[in-house]
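If you're matching positions, the sequence shown starts at 0 in numbering that gives the first Met the number 0 and goes up one per residue.
Just so it is clear, CB atoms sit at the ideal spot from N, CA and C, and this is done for glycine as well.
Contents: one structure, followed by commentary.
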Amino acid sequence: MRYMDTDLKKTYWWDGTQWLSAGPGSGGTSVTEGSGIDVTGSGTTGDPYVVTAINGGPSNQTLESVVTLLHSNEVASSEFSNSTTESGNLTTFQLGPNSFNYIIVEAIVKSRVDADILKRVNFTWRFKEAGVTKDSYVEKILAHTAAGLDGGGTYTNKLSVVLNGGQTVSTLLAITLQMDFAASNTGGVVESFRVYGVGDQVIEGVVGPPGPVGPEGPQGPPGAGCNVEQGSGIVVTGSELQ
Numbered sequence: 000m001r002y003m004d005t006d007l008k009k010t011y012w013w014d015g016t017q018w019l020s021a022g023p024g025s026g027g028t029s030v031t032e033g034s035g036i037d038v039t040g041s042g043t044t045g046d047p048y049v050v051t052a053i054n055g056g057p058s059n060q061t062l063e064s065v066v067t068l069l070h071s072n073e074v075a076s077s078e079f080s081n082s083t084t085e086s087g088n089l090t091t092f093q094l095g096p097n098s099f100n101y102i103i104v105e106a107i108v109k110s111r112v113d114a115d116i117l118k119r120v121n122f123t124w125r126f127k128e129a130g131v132t133k134d135s136y137v138e139k140i141l142a143h144t145a146a147g148l149d150g151g152g153t154y155t156n157k158l159s160v161v162l163n164g165g166q167t168v169s170t171l172l173a174i175t176l177q178m179d180f181a182a183s184n185t186g187g188v189v190e191s192f193r194v195y196g197v198g199d200q201v202i203e204g205v206v207g208p209p210g211p212v213g214p215e216g217p218q219g220p221p222g223a224g225c226n227v228e229q230g231s232g233i234v235v236t237g238s239e240l241q
């Protein structure tokens, strides 16, 4: 006698001793050890393959020298003027501990000499890391005595420096200015201050969705006869006389 469970999609049959069954997944493509997947089951009727583990995992991809903007201040600093001593920090950024290979610091600066004098003024811009000068740039503006021409005028430049990354503690990055001529109409401003991190970035792979369930396995052979009556837990029709 055979009995079909339509909810579980399984077929049961009596082999003379016990009820046996075959269900979904007991057919389809063979999956064996060594293919990157651990399985149980034989793939035969009533003993379908069951995936228990996936060996290895998705592969990762490393993108080299990715540039990341860490800080951007586009608000101009106050002008430093009328002094020959080095200014304080005109603009700053507190760089946290990081794993970057390099740190790029970039500044757009504006220097001016608005005086009717015969003078060459040197503007020294200094990039600092934790108070230590890492690099400096000197601008030279030549002023002249022609009245009404505002001396040497105003100049804007973009400056940058590359620092080693991998700081283990919070580190202050800053830029300062020093001039060799003191006048109220001679000074400099930091127009923009930007900080970038450069390093490798790992893109992790993603596990794909599970594959489709295999087709239902073949139906087993009819078993030897047995007496099944109302009240045994199975509703039957027919007499199946032998």
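| Item | Value |
| --- | --- |
| Hey, residue 142 and residue 112 are a contact pair by Cβ (cut 8 Å); roughly how many whole angstroms apart? | 5 Å |
| Mapping DSSP to helix, strand and coil, what is residue 117? | coil |
| Am I right that residue 200 and residue 94 are in contact with their C-beta atoms under 8 Å? What's the rounded C-beta distance? | The pair is not a contact, with the Cβ atoms about 18 Å apart (cut-off 8 Å). |
| Pull up the distance between the alpha-carbon of residue 190 and that of residue 172, whole angstroms please. | 16 Å |
| Between the C-alpha atoms of residue 120 and residue 132, what's the straight-line distance to the nearest angstrom? | 21 Å |
| Expressed to the nearest angstrom, what Euclidean distance is found between the alpha-carbon atoms of residue 84 and residue 178? | 7 Å |
| So the candidates are 152, 124 and 130; which of them puts its Cα closest to the Cα of residue 159? | 124 |
| I need the DSSP call for residue 30, collapsed to helix, strand or coil. | Any answer about residue 30 is weak, because its pLDDT of 49 lies below 50 and its placement is not dependable; what the coordinates show is given next. Three-state DSSP puts residue 30 in coil, outside helix and strand. |
| Ends of the beta strand (DSSP E) at residue 177? | 170-178 |
| Keeping to the same chain, check which residues put their C-beta closer than 7 Å to that of residue 73; ignore five residues upstream and five downstream. | 191 |
| If you draw a straight line from the alpha carbon of residue 100 to that of residue 188, how long is it in whole angstroms? | 30 Å |
| Note down the Cα distance separating residue 109 from residue 183, rounded to an integer number of angstroms. | 15 Å |
| Please list the terminal residues of the continuous beta strand (DSSP E) segment that includes residue 132. | 131-142 |
| Assuming residue 118 and residue 180 form a contact by the criterion Cβ under 8 Å, report the distance between their Cβ atoms to the nearest whole angstrom. | 6 Å |
| Pick helix, strand or coil for residue 166, following the three-state DSSP scheme. | coil |
| Do residue 197 and residue 102 have their CB atoms nearer than 9 Å? | yes |
| For residue 128, count neighbouring C-beta atoms within 10 Å of its own C-beta (all shown protein chains included) and say buried if the count is 16 or more, exposed if not. | buried |
| Let's test the definition: count the other Cβ atoms within 10 Å of the Cβ of residue 151 and tell me whether it reaches 16, buried, or not, exposed. | buried |
| What span of residues does the beta strand (DSSP E) with residue 91 cover, start to end? | 90-94 |
| Inspect the beta-carbon positions of residue 61 and residue 195 and report whether they are closer than 9 Å. | no |
| Give the straight-line distance between the Cα atoms of residue 71 and residue 193, rounded to the nearest whole angstrom. | 4 Å |
| From this set, 64, 46 and 86, which residue's C-alpha is nearest residue 186's C-alpha? | 86 |
| Indicate whether residue 122 and residue 134 have their beta-carbon atoms separated by less than 9 Å. | no |
| Which residue's Cα is closest to the Cα of residue 105: 154, 65, 69 and 77? | 69 |
| Have a look at the DSSP bridge pairing and note the partners of residue 99. | In DSSP, residue 99 forms no bridge with anything. |
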